[in-house]
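*Asks:* Chains as they are written, first to last, in the numbering used here: chain E, 297 to 628; chain G, 297 to 628. Even for Gly, the Cβ is constructed at its ideal location relative to N, Cα and C. Before I ask anything, here is the structure I am working with.
Protein chains: 2
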Amino acid sequence: MAVTIYDVAKRAGVGIGTVSRVLNGSPQVREETRQRVLAAIEELNYRPSPIAQRLSLRKTLTIAVIAPFFTRPAFVERLRGVEATIAESEYDLIVYNVETTAKRDACFHEVPLSHKVDGVLIISLSPSDEDVARWEAADVPIVLIDAHHPALSRVVVNDMAGGYMATQHLIELGHRKIAYISDPLVNPFNFTSSRDRYQGYRQALADHDLPFRPEYHQAGEHGRAQARALAHRLLDLDDPPTAIFAASDTQAMGVLEALRERGLRAPDDVAVIGYDDIEVAEYLGLSTIRQPFFESGVIGVELLLKRIDDPAQPPQRVELPVELVARQTTTG
Amino acid sequence: MAVTIYDVAKRAGVGIGTVSRVLNGSPQVREETRQRVLAAIEELNYRPSPIAQRLSLRKTLTIAVIAPFFTRPAFVERLRGVEATIAESEYDLIVYNVETTAKRDACFHEVPLSHKVDGVLIISLSPSDEDVARWEAADVPIVLIDAHHPALSRVVVNDMAGGYMATQHLIELGHRKIAYISDPLVNPFNFTSSRDRYQGYRQALADHDLPFRPEYHQAGEHGRAQARALAHRLLDLDDPPTAIFAASDTQAMGVLEALRERGLRAPDDVAVIGYDDIEVAEYLGLSTIRQPFFESGVIGVELLLKRIDDPAQPPQRVELPVELVARQTTTG
DNA sequence: TGTTATACTGGAAGCGCTTCCATTTTCCTG
DNA sequence: CAGGAAAATGGAAGCGCTTCCAGTATAACA
Numbered sequence: 297m298a299v300t301i302y303d304v305a306k307r308a309g310v311g312i313g314t315v316s317r318v319l320n321g322s323p324q325v326r327e328e329t330r331q332r333v334l335a336a337i338e339e340l341n342y343r344p345s346p347i348a349q350r351l352s353l354r355k356t357l358t359i360a361v362i363a364p365f366f367t368r369p370a371f372v373e374r375l376r377g378v379e380a381t382i383a384e385s386e387y388d389l390i391v392y393n394v395e396t397t398a399k400r401d402a403c404f405h406e407v408p409l410s411h412k413v414d415g416v417l418i419i420s421l422s423p424s425d426e427d428v429a430r431w432e433a434a435d436v437p438i439v440l441i442d443a444h445h446p447a448l449s450r451v452v453v454n455d456m457a458g459g460y461m462a463t464q465h466l467i468e469l470g471h472r473k474i475a476y477i478s479d480p481l482v483n484p485f486n487f488t489s490s491r492d493r494y495q496g497y498r499q500a501l502a503d504h505d506l507p508f509r510p511e512y513h514q515a516g517e518h519g520r521a522q523a524r525a526l527a528h529r530l531l532d533l534d535d536p537p538t539a540i541f542a543a544s545d546t547q548a549m550g551v552l553e554a555l556r557e558r559g560l561r562a563p564d565d566v567a568v569i570g571y572d573d574i575e576v577a578e579y580l581g582l583s584t585i586r587q588p589f590f591e592s593g594v595i596g597v598e599l600l601l602k603r604i605d606d607p608a609q610p611p612q613r614v615e616l617p618v619e620l621v622a623r624q625t626t627t628g
Numbered sequence: 297m298a299v300t301i302y303d304v305a306k307r308a309g310v311g312i313g314t315v316s317r318v319l320n321g322s323p324q325v326r327e328e329t330r331q332r333v334l335a336a337i338e339e340l341n342y343r344p345s346p347i348a349q350r351l352s353l354r355k356t357l358t359i360a361v362i363a364p365f366f367t368r369p370a371f372v373e374r375l376r377g378v379e380a381t382i383a384e385s386e387y388d389l390i391v392y393n394v395e396t397t398a399k400r401d402a403c404f405h406e407v408p409l410s411h412k413v414d415g416v417l418i419i420s421l422s423p424s425d426e427d428v429a430r431w432e433a434a435d436v437p438i439v440l441i442d443a444h445h446p447a448l449s450r451v452v453v454n455d456m457a458g459g460y461m462a463t464q465h466l467i468e469l470g471h472r473k474i475a476y477i478s479d480p481l482v483n484p485f486n487f488t489s490s491r492d493r494y495q496g497y498r499q500a501l502a503d504h505d506l507p508f509r510p511e512y513h514q515a516g517e518h519g520r521a522q523a524r525a526l527a528h529r530l531l532d533l534d535d536p537p538t539a540i541f542a543a544s545d546t547q548a549m550g551v552l553e554a555l556r557e558r559g560l561r562a563p564d565d566v567a568v569i570g571y572d573d574i575e576v577a578e579y580l581g582l583s584t585i586r587q588p589f590f591e592s593g594v595i596g597v598e599l600l601l602k603r604i605d606d607p608a609q610p611p612q613r614v615e616l617p618v619e620l621v622a623r624q625t626t627t628g
């Protein structure tokens with residue numbers, strides 16, 4: 297049915313070994329023979345079967361990415377970086393979107409052991425020791441992006457520094473009553489960013505001799521609506537904060553919404569800073585902490601491909617910088 | 297190295313045919329034998345090699361999606377629908393992100409002929425007759441989402457109706473001077489939505505005996521910043537419009553930005569309606585036309601899988617409804 | 001011219017499955 | 001308990017490649 301290497305060989309009057317050699321650019325083919333084979337390939341419009349190649353090579357030439365892509369805008373940017381880098385390699389990219397812990401567990405269990413991929417990229421989901429042990433037995437290279445495990449290669453940003461930076465920015469603007477709105481510090485997905493940013497927030501307060509007030513930390517499910525409710529709770533306090541640091545821009549939008557509902561304005565009444573610098577942040581004039589999403593995807597893939605080529609590589613940790621982007625919601 | 301079907305067969309004291317039969321749930325295996333095989337699989341922690349299965353079955357069990365995913369928020373929603381549906385099937389999903397016409401052409405040329413996939417989903421990119429002819433020769437099922445070609449199955453929304461609906465909404469609110477901001481009607485990616493919505497816009501004007509004024513249609517590259525510039529141009533007109541219909545919410549945001557820069561307010565000074573109902577539209581109080589992105593992805597996959605199972609299926613066209621979402625930027 | 005090193009080439013074996021066909025086992029029936 | 005139909009099973013062939021090894025052509029040299 298489909299054209300195979302045998303058809304090409306017959307047409308070119310050579311053996312299949314020779315065809316294979318020209319396909320793979322082996323130098324040990326006489327130029328004249330190569331041309332003949334190339335002509336036959338062209339005439340038959342032949343494309344080698346990737347499946348057969350993979351079986352023979354004992355490589356899948358594909359890598360998987362497991363991520364909660366679509367629940368948060370930032371993941372899309374990371375995926376762009378991943379796709380762009382994979383596209384330049386000989387690998388295919390297969391994607392698994394995780395929106396529930398059940399799906400995460402299923403992916404964690406099945407994907408690395410499925411013989412479907414040569415490596416796995418995991419975004420924003422930190423595996424347990426048990427997961428990692430299971431994977432090591434299977435000998436599948438794994439790289440984390442925006443997630444943590446000491447035994448695995450990973451590319452991260454310093455969320456603690458980011459939290460510190462955001463808080464310090466507010467302090468430098470003269471604020472003393474600074475609240476923090478985030479996801480639950482402990483959550484089923486084991487997202488660590490809210491926790492790390494919280495550490496930075498606490499540290500910045502401490503370094504500037506500001507007291508930490510438990511009621512100034514409000515945590516709830518991720519989302520604009522939830523953050524809005526948390527902001528209202530903060531503003532209802534007897535001694536409400538004059539500045540709010542939200543653990544993501546999405547949440548910061550909820551905060552802005554709450555302010556608007558009360559006829560309050562940022563930064564005059566309450567300063568607001570978010571985290572991520574998603575697309576709309578600029579439009580909203582939202583101050584934020586920018587992290588290099590696209591680049592994290594690129595580097596994650598690079599680490600993974602390197603690991604696949606040389607499994608002896610020790611796990612590597614790459615830390616990317618974050619950057620303060622001061623806009624109107626803090627500086628007016 | 298890896299555990300193969302032979303290892304399982306030996307361990308269970310059966311032939312490989314029998315192991316294959318239990319793997320594939322064939323009924324013609326004695327229960328006792330089945331249990332023995334299952335036990336061996338368990339003990340050896342065996343997983344069949346998908347590559348070998350695929351070679352033997354002569355199916356790739358994977359489908360590709362080609363899309364300009366990341367340049368516009370709406371695509372992400374569609375991708376979610378695609379992924380969710382694929383995840384429930386036995387297929388893998390491999391993704392190609394298209395951000396340039398060169399990449400699009402490369403994907404259009406290579407992907408369907410590559411023997412890598414059993415079917416292809418194309419989002420928002422309309423192929424040429426030549427493309428389609430080439431694909432038909434290769435006999436690869438193709439389904440379009442939000443794109444058009446008479447010979448291919450596709451799931452679309454009625455963009456003309458959407459454009460009509462948006463315009464009529466503005467007319468019903470009393471507006472007579474209604475402008476339209478869109479992508480170029482003819483563009484390298486051959487996106488058709490701006491064009492179709494334009495038709496609807498024109499038709500609604502005509503049906504209500506309103507003149508079409510060429511200067512009220514401003515087209516430019518997609519993007520908030522570009523739309524902002526176009527809006528300024530409209531507002532600089534001697535007789536500026538009192539309402540602006542933007543062909544996407546992203547562009548509507550640019551319009552709102554321009555208004556803000558002039559100290560104008562929506563809807564009092566200028567009413568604004570967008571298209572898509574992306575996430576932030578609600579936050580902004582932006583009136584818009586909602587289309588079922590997620591569902592379009594789901595249905596696209598369903599059409600494709602049906603087509604793969606039965607290649608005799610004639611091409612099908614599924615039209616999804618659009619819906620007016622009236623918010624503050626038109627109704628105050 | 002013969003000899004030998006070197007450059008090319010053909011094709012069998014093997015990758016890990018599915019499936020078909022032949023063979024063996026089990027189960028009825030009389 | 002024999003005989004035959006039905007159920008269960010084993011394993012060869014084949015999917016389309018790569019690669020290794022053996023063999024053949026070519027070139028270089030004496």
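Among G:Val315, G:Gly459, G:Thr463, G:Ile347, which has the Cα closest to the Cα of Arg332 of chain G?
*Replies:* The residue you call residue 332 of chain G lines up with position 36 of the second sequence. Nearest of G:Val315, G:Gly459, G:Thr463, G:Ile347 to Arg332 of chain G, Cα basis: G:Val315.
*Asks:* Would you mind giving the Cβ-Cβ distance between Gly516 of chain G and Thr463 of chain G, rounded to the nearest angstrom? I have them listed as a contact below 8 Å.
*Replies:* Taking the second sequence and counting its residues from 1, one reaches residue 516 of chain G at position 220. Taking the second sequence and counting its residues from 1, one reaches residue 463 of chain G at position 167. So it is not a contact: roughly 20 Å between Cβ atoms.
*Asks:* Which partner residues does Arg586 of chain G have in the DSSP bridge list?
*Replies:* By 1-based counting over the second sequence, the position of residue 586 of chain G is 290. DSSP output for Arg586 of chain G lists G:Asp572, G:Glu619 as bridge partner(s).
*Asks:* What residues from chain E crowd round Glu553 of chain G, counting only those whose CB sits closer than 7 Å?
*Replies:* As a working note, residue 553 of chain G is residue 257 in the second sequence. Within 7 Å Cβ-Cβ: Tyr579.
*Asks:* Can you say whether Glu615 of chain G is buried or exposed, counting buried as having 16 or more other CB atoms within 10 angstroms of its CB?
*Replies:* To locate residue 615 of chain G, count along the second sequence from 1; it is residue 319. It is exposed - the Cβ of Glu615 of chain G has fewer than 16 other Cβ atoms within 10 Å.
*Asks:* Under 7 Å, Cβ to Cβ, is there at least one residue of chain G near Ser420 of chain E?
*Replies:* If you number the first sequence from 1, residue 420 of chain E lands on position 124. So no, Ser420 of chain E is outside the interface.
*Asks:* Taking Asp632 of chain E as the reference, give the member of E:Ile382, E:Asp427, E:His504 with the closest Cα.
*Replies:* The first residue shown for chain E is 297 and the last is 628, placing residue 632 of chain E beyond what the model contains.
*Asks:* Short of 6 Å in beta carbon distance, which residues of its chain neighbour Glu373 of chain E, apart from the five on each side in sequence? Order them along the chain.
*Replies:* To locate residue 373 of chain E, count along the first sequence from 1; it is residue 77. Phe589, Phe590.
*Asks:* Please state if the CB of Leu526 of chain G and the CB of Gln514 of chain G are separated by a distance shorter than 7 Å.
*Replies:* On the second sequence, position 218 is the one that residue 514 of chain G refers to. On the second sequence, position 230 is the one that residue 526 of chain G refers to. Yes. Within cutoff.
*Asks:* Using a threshold of 7 Å, state whether the C-beta atoms of Lys412 of chain E and Pro446 of chain G are closer than that.
*Replies:* The residue labelled residue 412 of chain E in the question sits at position 116 within the first sequence. The residue labelled residue 446 of chain G in the question sits at position 150 within the second sequence. No, these two residues do not count as a Cβ contact at 7 Å.
*Asks:* Is the separation between the beta-carbon of His444 of chain E and that of Thr397 of chain E shorter than 7 Å?
*Replies:* Here residue 444 of chain E corresponds to residue number 148 of the first sequence, with the count starting at 1. Here residue 397 of chain E corresponds to residue number 101 of the first sequence, with the count starting at 1. The answer is no: Cβ separation not under 7 Å.
*Asks:* Nearest by alpha-carbon distance to Glu338 of chain E: which of E:Pro536, E:Thr300, E:Pro484 is it?
*Replies:* By 1-based counting over the first sequence, the position of residue 338 of chain E is 42. That would be E:Thr300, whose Cα lies nearest to the Cα of Glu338 of chain E.
*Asks:* Would Ile540 of chain E and Val551 of chain E be called neighbours here (beta carbons separated by less than 7 Å)?
*Replies:* Translated into the one-based positions of the first sequence, residue 540 of chain E becomes position 244. Translated into the one-based positions of the first sequence, residue 551 of chain E becomes position 255. In contact: Ile540 of chain E and Val551 of chain E (Cβ atoms closer than 7 Å).
*Asks:* So what does DSSP say about Tyr494 of chain G, is it helix, strand or coil?
*Replies:* The residue given as residue 494 of chain G occupies position 198 in the second sequence. Correct three-state label for Tyr494 of chain G: helix.
*Asks:* May I have the straight-line CA-CA distance separating Gln547 of chain G from Tyr476 of chain G, to the nearest angstrom?
*Replies:* Your numbering for residue 547 of chain G matches position 251 in the second sequence. Your numbering for residue 476 of chain G matches position 180 in the second sequence. C-alpha separation (whole angstroms): 11 Å.
*Asks:* Taking the alpha-carbon positions, what's the Arg400 of chain E to Ser422 of chain E distance?
*Replies:* The sequence position of residue 400 of chain E within the first sequence is 104, counting from 1. The sequence position of residue 422 of chain E within the first sequence is 126, counting from 1. So the two alpha carbons sit approximately 10 Å from each other.
*Asks:* Is it buried or exposed for Phe508 of chain E, if we count other Cβ within 10 angstroms and need 16 for buried?
*Replies:* Taking the first sequence and counting its residues from 1, one reaches residue 508 of chain E at position 212. Exposed, because fewer than 16 other Cβ atoms sit within 10 Å of the Cβ of Phe508 of chain E.
*Asks:* Closest Cβ-Cβ distance between Ile390 of chain E and chain G: below 7 Å?
*Replies:* Here residue 390 of chain E refers to the residue found at position 94 of the first sequence. So yes, Ile390 of chain E belongs to the interface.
*Asks:* Going by DSSP, what residue range makes up the beta strand (DSSP E) through His528 of chain G?
*Replies:* Along the second sequence, one-based indexing puts residue 528 of chain G at 232. Taken as a continuous stretch (DSSP letters only), His528 of chain G belongs to no beta strand (DSSP E), being part of the alpha helix (DSSP H) at 520–531.
*Asks:* Would you list the one or two residues that DSSP bridges to Ser352 of chain E?
*Replies:* Taking the first residue of the first sequence as 1, we reach residue 352 of chain E at position 56. For Ser352 of chain E, which the question treats as bridged, DSSP gives no partner whatsoever.
*Asks:* When the Cα atoms are used, what is the spatial distance from Arg603 of chain G to Gln609 of chain G?
*Replies:* Position 307 of the second sequence, counted from the start, is the residue given in the question as residue 603 of chain G. Position 313 of the second sequence, counted from the start, is the residue given in the question as residue 609 of chain G. If you take the alpha carbons of Arg603 of chain G and Gln609 of chain G, they lie about 6 Å apart.
*Asks:* Please state whether DSSP places Val325 of chain G in a helix, a strand or coil.
*Replies:* One-based indexing of the second sequence puts residue 325 of chain G at position 29. Looking at Val325 of chain G - three-state DSSP - the assignment turns out to be coil, as it is neither helix nor strand.
*Asks:* Measuring straight from C-alpha to C-alpha, what distance separates Lys355 of chain E and Phe404 of chain E?
*Replies:* Within the first sequence, residue 355 of chain E is the residue found at index 59, counting from 1. Within the first sequence, residue 404 of chain E is the residue found at index 108, counting from 1. Distance between the alpha carbons of Lys355 of chain E and Phe404 of chain E: 20 Å.
*Asks:* Look up Leu448 of chain E in the DSSP assignment and say whether it is helix, strand or coil.
*Replies:* Against the first sequence, residue 448 of chain E aligns to sequence position 152. Coil.
*Asks:* Tell me the residue span of the alpha helix (DSSP H) that contains Tyr460 of chain E.
*Replies:* Here residue 460 of chain E corresponds to residue number 164 of the first sequence, with the count starting at 1. Per DSSP, Tyr460 of chain E belongs to the alpha helix (DSSP H) from 455–468.
*Asks:* Does the distance from the C-beta atom of Asp596 of chain G to that of Val439 of chain G stay below 7 Å?
*Replies:* For the purposes of this step, residue 596 of chain G is identified with residue 300 of the second sequence, where counting begins at 1. For the purposes of this step, residue 439 of chain G is identified with residue 143 of the second sequence, where counting begins at 1. It should be pointed out that residue 596 of chain G corresponds to Gly in this sequence rather than to Asp. Result yes, Cβ atoms of Gly596 of chain G and Val439 of chain G sit closer than 7 Å.
*Asks:* Please determine, among G:Gln349, G:Val394, G:Arg623, G:Glu575, the residue with the shortest C-alpha to C-alpha distance to Ala562 of chain G.
*Replies:* Counted from its first residue, the second sequence places residue 562 of chain G at position 266. Among G:Gln349, G:Val394, G:Arg623, G:Glu575, the Cα nearest to that of Ala562 of chain G is on G:Arg623.
*Asks:* Could you tell me which chain G residues have their CB closer than 7 Å to the CB of Thr356 of chain E, listed as they occur along the chain?
*Replies:* Mapped onto the first sequence, residue 356 of chain E falls at position 60. Correct list: Ile347.
*Asks:* Spatial neighbours of Met549 of chain E within its chain, please: CB distance less than 6 Å, with the 5 preceding and 5 following residues excluded, ordered by chain position.
*Replies:* Residue mapping note: residue 549 of chain E aligns to position 253 of the first sequence, counting from 1. If we look at Met549 of chain E and ignore the five residues flanking it on each side, its Cβ neighbours are Arg520.
*Asks:* Please list the segments of the alpha helix (DSSP H) lying wholly inside the stretch 351–431 of chain E, counting only runs of 4 or more residues, in order along the chain.
*Replies:* DSSP runs (the alpha helix (DSSP H)) wholly in the stretch 351–431 of chain E: 369–383, 397–406.
*Asks:* Quick check on this structure: which residue in E:His528, E:Arg307, E:Ser544 has the alpha carbon closest to the alpha carbon of Arg558 of chain E?
*Replies:* The count along the first sequence starts at 1 and reaches residue 558 of chain E at position 262. With distances taken between Cα atoms, Arg558 of chain E lies closest to E:His528.
*Asks:* Given this structure, state the Cα-to-Cα distance separating Leu353 of chain E from Tyr342 of chain G, to the nearest angstrom.
*Replies:* Translated into the one-based positions of the first sequence, residue 353 of chain E becomes position 57. Translated into the one-based positions of the second sequence, residue 342 of chain G becomes position 46. Approximately 20 Å, taken between the alpha carbons.
*Asks:* Is DSSP giving Tyr342 of chain G helix, strand or coil here?
*Replies:* The residue you call residue 342 of chain G lines up with position 46 of the second sequence. It is coil, neither helix nor strand.
*Asks:* Within the same chain, show all residues whose beta-carbon is closer than 7 Å to that of Ile302 of chain E, passing over the 5 residues directly before and after it, in chain order.
*Replies:* Position 6 of the first sequence holds residue 302 of chain E. Reading off the sequence, residue 302 of chain E comes out as Tyr, not Ile. Ile312.
*Asks:* Based on DSSP bridge pairs, tell me the residues matched to Ile301 of chain E.
*Replies:* Taking the first residue of the first sequence as position 1, residue 301 of chain E is located at position 5. Bridge partners of Ile301 of chain E: none, in fact.
*Asks:* Run through the DSSP bridge pairs and tell me what Leu440 of chain E is partnered with.
*Replies:* The count along the first sequence starts at 1 and reaches residue 440 of chain E at position 144. According to DSSP, which records beta bridges pairwise, Leu440 of chain E is partnered with E:Ile418, E:Arg450.
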